[in-house]
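There are 2 protein chains.
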Amino acid sequence: MTSMTAVPPHVTHPPVSAAGASPAVPGNSPTFSPLYQQIKALITQSLQSGEWKPGELIPSEVELAARFKVSQGTVRKAIDELSAENLVVRRQGKGTFVATHHEARAQFRFLRLMPDEGEPQPAENRVLDVKRLRAPAEVARLLDLRTGDPVIFIKRVQSFDGIATILDELWLPGALFKGLTTERLVEYKGPMYGLFETEFGTSMIRATERIRAVSADAAAAEALGIAAGTPLLSVERVSYTYGDRPVEVRRGLYLTARHHYENELS
Amino acid sequence: MTSMTAVPPHVTHPPVSAAGASPAVPGNSPTFSPLYQQIKALITQSLQSGEWKPGELIPSEVELAARFKVSQGTVRKAIDELSAENLVVRRQGKGTFVATHHEARAQFRFLRLMPDEGEPQPAENRVLDVKRLRAPAEVARLLDLRTGDPVIFIKRVQSFDGIATILDELWLPGALFKGLTTERLVEYKGPMYGLFETEFGTSMIRATERIRAVSADAAAAEALGIAAGTPLLSVERVSYTYGDRPVEVRRGLYLTARHHYENELS
DNA sequence: AAGTGGTCTAGACCACTTT
DNA sequence: AAGTGGTCTAGACCACTTC
Chain A
0 MTSMTAVPPH
10 VTHPPVSAAG
20 ASPAVPGNSP
30 TFSPLYQQIK
40 ALITQSLQSG
50 EWKPGELIPS
60 EVELAARFKV
70 SQGTVRKAID
80 ELSAENLVVR
90 RQGKGTFVAT
100 HHEARAQFRF
110 LRLMPDEGEP
120 QPAENRVLDV
130 KRLRAPAEVA
140 RLLDLRTGDP
150 VIFIKRVQSF
160 DGIATILDEL
170 WLPGALFKGL
180 TTERLVEYKG
190 PMYGLFETEF
200 GTSMIRATER
210 IRAVSADAAA
220 AEALGIAAGT
230 PLLSVERVSY
240 TYGDRPVEVR
250 RGLYLTARHH
260 YENELS
Chain B
0 MTSMTAVPPH
10 VTHPPVSAAG
20 ASPAVPGNSP
30 TFSPLYQQIK
40 ALITQSLQSG
50 EWKPGELIPS
60 EVELAARFKV
70 SQGTVRKAID
80 ELSAENLVVR
90 RQGKGTFVAT
100 HHEARAQFRF
110 LRLMPDEGEP
120 QPAENRVLDV
130 KRLRAPAEVA
140 RLLDLRTGDP
150 VIFIKRVQSF
160 DGIATILDEL
170 WLPGALFKGL
180 TTERLVEYKG
190 PMYGLFETEF
200 GTSMIRATER
210 IRAVSADAAA
220 AEALGIAAGT
230 PLLSVERVSY
240 TYGDRPVEVR
250 RGLYLTARHH
260 YENELS
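Protein chains in written order, with numbering that gives the first Met the number 0: chain A, 0 to 265; chain B, 0 to 265.
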């Protein structure tokens with residue numbers, strides 16, 4: 000985002016001032032970015048500001064082209080990238096929609112634990128604990144907060160086919176999830192990220208995970224109903240919303256007796 | 000790939016027979032595929048056949064457009080997808096190159112184990128065993144062979160900073176890796192996939208991994224110099240070459256005391 | 001200066017969905 | 001029939017690399 004604001008730097012047909020406000024020398028132009036990237040940033044801003052909410056239809060390519068005074072092809076390329084990053088979903092003949100976690104399709108985007116046999120089953124959740132506390136140093140660092148800032152802590156067990164399989168501990172920035180209560184969490188059906196999205200206006204866009212093998216300690220063994228010492232997958236996740244702002248730290252312990260973590264490399 | 004062979008189904012300006020050989024009804028046209036997908040398939044064939052080898056420059060977009068009698072934009076879209084799938088690498092001003100495993104850039108594409116502290120280090124390899132044997136049922140199934148078909152078995156340990164960290168077992172189809180000897184494997188510097196690529200003409204394109212937590216048995220403990228029962232990451236990989244043909248089964252045991260498996264979700 | 005990929009435009013038609 | 005995204009074309013200029 001450099002030159003462009005109202006009048007974008009048109010190039011060919013309309014022989015407007017072209018490169019416009021940039022400081023003459025093209026080779027040295029600092030932080031030049033192509034038009035479609037600027038359009039992409041503008042659309043992302045509208046997503047972030049809530050102008051178009053998850054699940055809603057965004058304006059058509061023709062409309063956006065008119066609004067930004069660029070060609071449809073340029074808008075198209077911007078939306079192509081947003082679609083590749085799963086921020087929006089295109090549907091031929093219908094339009095482009097803001098991505099949402101309220102879909103069967105989106106359920107397994109962030110949960111890579113698959114059953115060794117048979118189809119993925121919906122998880123049964125049991126919330127063990129919800130409390131407010133002050134961020135430990137490590138959590139604060141990951142969430143870009145200060146040590147001691149208020150955070151919400153959640154502990155829960157997820158079961159598949161009645162077998163306790165995942166023990167999760169979550170930390171959320173207190174400022175973003177003010178009204179979050181145990182009741183709300185327990186009564187809510189569907190994926191937790193759906194609740195975060197509709198109740199708190201926070202959309203999880205991407206995440207990074209660090210995976211290790213660990214031994215179940217006494218507490219984990221009890222929560223999952225297994226022997227202490229059983230090998231477990233430790234999955235540390237940091238989730239990000241628009242603008243790469245971290246908004247969730249999660250540590251999961253996965254029992255991989257009947258399940259495995261599945262990953263595609265390419 | 001349906002209608003098109005010599006004369007592609009041009010659409011606009013040259014008012015040739017358009018949809019051509021397809022069976023009249025457009026809505027029902029069986030397995031229609033867009034032009035750029037057909038071009039992409041043709042380019043992939045040339046990659047697979049070895050017309051352009053890993054690391055080499057492929058013809059320019061203009062040349063390919065002329066060869067296939069389509070516009071440059073159509074070739075561009077085909078190459079865009081091949082680039083997104085890491086089959087080729089574009090370099091502005093230079094051209095488009097066939098992807099190769101002989102690059103620093105490509106080293107960590109298939110190895111997601113990262114040090115907890117500091118920068119990724121190159122691995123030191125120690126080959127423990129190389130032998131020819133008959134494919135066990137499970138390996139045969141994964142490699143799309145028959146049980147008992149000849150396979151090559153490799154066992155090795157990888158160390159980082161002098162610390163044994165990965166115990167690998169590999170199975171390769173014997174038919175594809177005929178001349179593979181212990182000596183060749185030991186003396187070869189650089190990534191194994193580089194050797195497979197240049198010596199045996201087999202390029203690894205993508206892979207799937209299944210990850211579990213396990214306890215080190217006596218053999219693994221000895222090979223890695225750790226206590227039996229230590230939790231290890233079990234990583235089962237199946238690698239594929241062009242046309243989604245499986246060409247490697249690998250089972251790695253990762254020590255995650257000072258390293259972690261890193262994954263991006265989006 | 002010439003060649004390559006990268007961006008941008010304008011306009012056409014196709015496939016799909018809804019009215 | 002009208003609107004949406006999807007494909008295809010043709011031509012222009014830009015940024016980068018090499019000669």
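Positions of the beta carbon are idealized from the N, C-alpha and C atoms, including for glycine.
Given the structure is predicted, the values throughout are model-derived calculations rather than measurements.
Notebook entry, point to check: Using the C-alpha atoms, what's the distance from Ala220 of chain B back to Ala40 of chain B?
Noted result: 47 Å
Check: Taking Cβ positions, are Pro245 of chain B and Asp128 of chain B nearer each other than 9 Å?
Finding: no
Margin query: Can you give me the C-alpha to C-alpha distance between Phe109 of chain B and Glu261 of chain B, rounded to a whole angstrom?
Written below: 11 Å
Next item on the list: Look at the Cβ atom of Leu169 of chain B, then the Cβ atom of Ile151 of chain B, and state whether they are nearer than 9 Å.
Entry: yes
Note to self: Using DSSP's beta-bridge definition, name the partner residues of Pro230 of chain B.
What the structure shows: B:Ser214
Margin query: Tell me the rounded alpha-carbon separation between Val87 of chain B and Ala77 of chain B.
Written below: 11 Å
Next item on the list: Determine, using beta carbons only, whether Gly173 of chain B and Pro149 of chain B come nearer to each other than 9 Å.
Entry: yes
Item checked: Sequence-distant residues of the same chain with beta carbon closer than 8 Å to Ala222 of chain A, five excluded per side -> Leu127, Val156, Ala163, Leu166
Margin query: By the DSSP assignment, the alpha helix (DSSP H) with Ala174 of chain A in it spans what residues?
Written below: Counting along the chain, Ala174 of chain A falls outside any alpha helix (DSSP H), and DSSP gives it neither H nor E.
Next item on the list: List the residues of chain B whose Cβ lies closer than 9 Å to the Cβ of Thr43 of chain A, in chain order.
Entry: Simply none; closest approach about 14 Å.
Check: For Val185 of chain A, does the count of other Cβ atoms within 10 angstroms reach 16, so buried, or fall short, so exposed?
Finding: exposed
Margin query: So that I know if they touch, is there some Cβ in chain B lying closer than 9 Å to that of Gly228 of chain A?
Written below: yes
Check: Mind checking Leu132 of chain B: buried by the 16 CB within 10 Å criterion, or exposed?
Finding: exposed
Next item on the list: Kindly say whether Val10 of chain A, judged by its beta-carbon, lies nearer than 9 Å to any beta-carbon of chain B.
Entry: Caution is warranted here: a pLDDT of 37 is assigned to Val10 of chain A, below 50, making its placement in the model unreliable, and the coordinate value is therefore given only provisionally. Taking Cβ atoms only, chain B never reaches closer than 9 Å to Val10 of chain A, which makes this a no.
Next item on the list: Keeping to the same chain, check which residues put their C-beta closer than 6 Å to that of Asn85 of chain A; ignore five residues upstream and five downstream.
Entry: Ala98
Next item on the list: Mind checking the segment 69-87 of chain A against chain B and listing, in chain order, the residues whose C-beta falls within less than 9 Å of any C-beta there?
Entry: Ala83, Glu84, Asn85
Note to self: For the segment 191-214 of chain B, list every residue whose C-beta sits within 8 Å of some C-beta in chain A, in sequence order.
What the structure shows: Ile204, Arg205, Ala206, Thr207, Glu208, Arg209, Ile210, Arg211, Ala212, Val213, Ser214
Check: How would you label Ala23 of chain A, buried or exposed, when you count the other beta carbons within 10 angstroms and need 16 or more for buried?
Finding: Reliability fails at Ala23 of chain A, whose pLDDT of 33 lies under 50, so the model's placement of it is uncertain and no value is given.
Item checked: Residue of B:Leu252, B:Glu60, B:Lys93, B:Leu141 minimising C-alpha distance to Asp243 of chain B -> B:Leu141
Margin query: Can you give me the C-alpha to C-alpha distance between Asp79 of chain A and Tyr35 of chain A, rounded to a whole angstrom?
Written below: 10 Å
Check: Do you know how far the Cα of Leu56 of chain B is from the Cα of Gly94 of chain B?
Finding: 7 Å
Notebook entry, point to check: Should Met203 of chain A and Ser158 of chain A be called a contact, given that it needs their Cβ atoms to be closer than 9 Å?
Noted result: no
Note to self: Just verifying my parser: in three-state terms, what is the DSSP assignment at Met113 of chain A?
What the structure shows: strand
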